[in-house]
Amino acid sequence: MKQILLFIIVFLLSLPASRSQVVLARWTFPTGNQTDSLADGGIPANLDKAIHTEGGTSAIDFSKNGFTTKAAQATDWNDGADLKCWVVEITTTNYDHLTISSKQQSGGNNPGPRDWKVQYRPAAASFWTDVPNTTLEVQNDWTTGVLDSVELPEECKNQASLFIRWVMTSNTNSIGDPVAATGISKIDDIVFTGKLINTALAEPDQAIRLSVYPNPCTSQITVTSADPITSLIVTDASGQVVYSADRFGNEITLEVGQLPAGYYILRATTASSRVITARFFRMD
0 MKQILLFIIV FLLSLPASRS QVVLARWTFP TGNQTDSLAD GGIPANLDKA IHTEGGTSAI
60 DFSKNGFTTK AAQATDWNDG ADLKCWVVEI TTTNYDHLTI SSKQQSGGNN PGPRDWKVQY
120 RPAAASFWTD VPNTTLEVQN DWTTGVLDSV ELPEECKNQA SLFIRWVMTS NTNSIGDPVA
180 ATGISKIDDI VFTGKLINTA LAEPDQAIRL SVYPNPCTSQ ITVTSADPIT SLIVTDASGQ
240 VVYSADRFGN EITLEVGQLP AGYYILRATT ASSRVITARF FRMD
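Its first residue numbered 0, the sequence shown is counted upward by one per residue in numbering that gives the first Met the number 0.
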């Protein structure tokens with residue numbers, strides 16, 4: 000009996016470790032501020048990615064109620080069939096078995112587009128391709144227009160830059176009338192997951208980390224990297240560059256007291272030509 004148990008234990012230990020599903024990027028819009036445009040979870044390579052719209056909608060309002068906290072909301076979806084859309088960009092480098100989840104809602108008093116689908120486009124491609132099983136009919140609730148861990152096609156795996164869009168497919172609103180300029184579309188709880196292709200490899204941007212402290216900060220931050228930094232760029236939540244300089248060293252101090260309070264993205268280029276990022280928050 001002991002020999003059999005020993006054999007079973009040795010056999011189980013010899014099996015390759017299972018690859019768990021990892022959150023690659025997540026937008027849950029937790030604060031209701033403009034900083035919610037940036038991913039609030041995921042691997043470091045995706046934390047500076049921002050949601051936006053295309054086709055001519057209004058600016059995004061992040062202060063409106065979502066499924067649990069807040070949501071992204073826009074208007075001006077009129078005459079937008081196959082054109083107006085929500086868009087995010089993510090990296091899936093070294094990940095496969097990708098999934099997508101999201102929730103959408105149409106306005107009540109100002110009903111927005113009813114019919115949607117999800118499409119993908121690797122950065123190198125010039126056209127959008129439909130994601131199977133993502134045809135959506137959106138109503139004034141958070142239960143109808145839902146994607147729950149829908150698998151993305153194989154072509155989406157291991158991409159340095161992958162674009163995903165939720166595009167309206169008709170000009171009909173959620174109560175059956177034409178979509179008006181005042182029609183509201185909300186999106187919330189966007190989550191992408193994947194499995195590491197080779198568990199012997201580090202996750203993207205994990206082999207070399209960029210550390211920022213103190214974080215949050217008030218007047219000064221220290222930036223460190225195992226690979227010497229050769230240049231730095233700091234952008235605000237809207238993507239505007241607020242600081243850039245060629246600096247060299249493994250530890251660099253920056254004065255940030257002149258910046259308005261809020262979240263910032265620090266992007267560093269290193270001596271080995273890696274680009275690594277980190278977020279910091281400056282408070283008053």
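Just so you know, even glycine gets a beta-carbon here, dropped at the ideal spot from N, CA and C.
Counting other Cβ atoms within 10 Å of its Cβ, residue 92 reaches 16 or more and is therefore classed as buried. In the DSSP assignment, residue 278 forms a beta bridge with 264. The residues 88, 120, in chain order, have a CB closer than 6 Å to that of residue 162 in the same chain once the five nearest residues on each side in sequence are set aside. Counting along the chain, the unbroken beta strand (DSSP E) around residue 84 starts and ends at 84-89. In this structure residue 21 is not in contact with residue 81, their Cβ atoms being roughly 33 Å apart against a cut-off of 8 Å.
Residue 103 and residue 215 have their C-alpha atoms spaced approximately 32 Å apart. Closest in C-alpha terms to residue 226, from the list 54, 97, 39, 249, comes 249. Within the same chain, and ignoring the five residues on either side of residue 137 in sequence, the residues whose Cβ sits closer than 8 Å to its Cβ are 103, 104, 105, 111, 112, 113, 114, 115, 143, 144, 173, 184.
Ranking 41, 70, 107 by CA distance to the CA of residue 27 puts 70 first. Residue 254 and residue 25 have their C-alpha atoms some 30 Å from each other. With a threshold of 16 other beta carbon atoms within 10 Å, residue 19 falls short and is exposed. For the pair residue 74 and residue 182, the Cα-to-Cα distance works out to about 5 Å.
In the three-state DSSP reduction, residue 45 falls in the helix class (H, G or I). Within the DSSP secondary-structure output, residue 145 pairs in a beta bridge with 102.
Of the candidates 251, 247, 256, the residue whose Cα lies closest to the Cα of residue 241 is 256. A direct Cα-to-Cα measurement between residue 131 and residue 151 gives close to 8 Å.
Looking at the DSSP output, residue 96 bridges to nothing. In summary, residue 274 is exposed, with fewer than 16 beta-carbon neighbours lying within 10 Å of its beta-carbon over all protein chains present.
Residue 245 has its alpha-carbon roughly 17 Å from the corresponding atom of residue 220.
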